[in-house]
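To start, the structure itself, in structure tokens.
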Amino acid sequence: MSNLRAKNNVIIAGGIVALLVVVGFLAFREEDNTSNNLSDEQTQEIVQMPHIHGLSFSGDGRQLIVPAHIGLVIFEDNQWSKPDIPAHDYMGYSGVDDGFFSSGHPGVDSDLVNPLGLVRSTDSGHQITTIDFAGETDFHFMAVGYENHAIYILNPQPSASLPAGLHYSLDEGETWQPGTLAGLEGSMTQIAVHPTNTSTVVIATQTGLFLSEDFGDTFTQIGDTGAVTAVSFHPSGDSLLFGNTRLYTYDFASQTAEVISSPEFVASDFIAFVATSPVGQDIAFATFGKDIYLSHDAGETWVQIAREGVGINSNPGSDVSAVESPLQDGQELYDLYCASCHGANGEGQYPENPYLPDASGLVGAPPHDSTGHTWHHPDAVLVEIVQEGRAMPNVHPMPPFKGQLSETQIMAILDHIKTWWLPEQVSAQATASANFTPAAP
Ligand code: HEC
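Per the working numbering, the very first residue in the sequence shown carries number -9; after that it's consecutive.
Spelled out as structure tokens, the structure:
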């Protein structure tokens, strides 16, 4: 028993490390950014997805729904849009036949406590109801059966109401039973629940894909594809769609895994989420690099519908995809990528005590306005900090934005930050930038 427990803990801890790498820095709340300020010549909405935390089709198969850190965004009739609903940062999002279940963080305008705990919505996210664990736990590893609504969660830390480990509920969260996870190997990457059979659950790990038919007590490996980074059940329950650098199906009747054709995507990227429409032949996947691909014929042919987190709208009546140019406006970029930590007006994470440790013992994100030190650094140094990020002792980490923001976009953000400085700070920093010579390698 104690052996088993030790092993479970290792798996859980490993999963959490993997998750930190995967989801990046989400400890901070997000500003509500709608990113749909259209200029006159633009007819289509530009939807930006700062992070992707899931993927599902609506019950009628018409909408592809993406929890994107700024709330849910939707791809329907070849167009992206951001519906006018509360912009919660959903984590552990699970689409079901009549809506979704999720965990995550409330949007800034919300009265809900952080974290959300376990919530559900039956009206496309207009309203969410709290099931349990509000203010207590953010579940990143959770999944809910499409029809049976069997909820499986991995509790990352013991809380007042629930011990750590895998738990499932068959009564929409009233009561919970543990699953002992025997036979599971490798760090967990994702979990999926059978749509109708409540005892059947699949866990993807860095070793492979594992199936349990006894409520998560014992697992056996299926297929031999190596690490699996995303998995979901077909809404019929007959097969699985899963992936790593390639996309596969697993058929329960023949017990075989098969590669299905998937588009070439950046070789270093991995599939992060997969989804199958409950009607028709549509399947979709999203990568960690925030590219999204959609197929209308079960994977025979594909269209790319998002590139690096920017939605691609197709022009109606033509099959040519119109790629929106990435955002260049410094203020919009700042609001989207920086304001959640550094404050909407550069006042810093803790304007009262910017350089004192918070309850976690770490100093928060510093101010960028005239009260801060940012203006002491020449442009080249600032660009490098933003590209590479920073991890110093006793300070919260600053995430790297290399690969996410181009140098032009970073310079546009810096120009916006400079509007908060005093004239003498602006000129001192301009001189420092002009005189800056990089250290010899
Ligand atoms: C997840 C929170 C977070 C986000 C998002 C974030 N930062 Fe930071 N940033 C920090 C923290 C924390 C530090 C302090 C790190 C340190 O000093 O080790 C920091 C430091 C910096 C610094 C150095 C400041 C100085 O005065 O020396 C710059 C410049 C900076 N951030 C710019 C940005 C920009 C631009 C963005 C958006 C593209 C951004 N940050 C997004 C948390 C964040």
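All residues carry an ideal CB built from backbone N, CA and C; glycine is no exception.
- Judged by pairs of C-beta atoms under 8 Å, the stretch 85 to 98 touches the stretch 36 to 55, as three or more such pairs exist.
- In the three-state reduction of the DSSP assignment, A133 falls in the strand class.
- Cβ-Cβ distances below 6 Å link H386 to L352 and G354 in the same chain, with the five nearest sequence neighbours on each side left out; the list follows chain order.
- Looking at the backbone, the Cα of I60 and that of V191 are separated by about 29 Å.
- In this structure, V269 is the residue among G299, A247, V269 and A422 with its C-alpha nearest to the C-alpha of S226.
- Sequence-distant partners of F205 (beyond 5 residues in either direction) whose C-beta falls short of 8 Å from its own C-beta, in its chain, are Y158, Q167, G169, T188, S189 and V191.
- For D369, no beta strand (DSSP E) encloses it; the enclosing alpha helix (DSSP H) starts and ends at D369 to E378.
- By the CB criterion at 9 Å, F232 and V183 fall outside the cutoff.
- For T112, the secondary structure class from DSSP, reduced to helix, strand or coil, is coil.
- Annotation for D325: the continuous alpha helix (DSSP H) segment containing it runs G320 to Y327.
- For A420, there is no enclosing beta strand (DSSP E); the residue is found in the alpha helix (DSSP H) stretching over P413 to N425.
- Checking the 8 Å criterion, the Cβ of I407 is within range of a heavy atom belonging to the ligand HEC.
- Between L237 and I250, the C-beta gap is smaller than 9 Å, which places the two residues in contact.
- Between the beta-carbon of E298 and that of D281 there is about 7 Å, and that keeps the pair under the 8 Å contact cut.
- M388 has its CB nearer than 8 Å to a heavy atom of the ligand HEC.
- When DSSP assignments are scanned along the stretch 198 to 260, the uninterrupted stretches of beta strand (DSSP E) that are 3 or more residues long and fall wholly within it turn out to be 199 to 202, 210 to 212, 220 to 223, 229 to 233, 237 to 241 and 246 to 250.
- Rounded to whole angstroms, P428 and P368 show a C-alpha spacing of 10 Å.
- The continuous beta strand (DSSP E) containing T277 extends over residues I273 to T277.
- In this structure, the straight-line span from the alpha carbon of G379 to that of G213 is close to 38 Å.
- The three-state reading of DSSP puts S330 in helix, counting H, G and I together.
- For M39, the three-state secondary structure derived from DSSP is coil.
- Here A402 is not bridged, per DSSP, to any residue.
- Between the C-alpha atoms of T291 and E254 there is a straight-line separation of about 12 Å.
- Within 8 Å of the C-beta of F391 there is at least one heavy atom belonging to the ligand HEC.
- Collapsing the DSSP output to three states places I407 in a helix.
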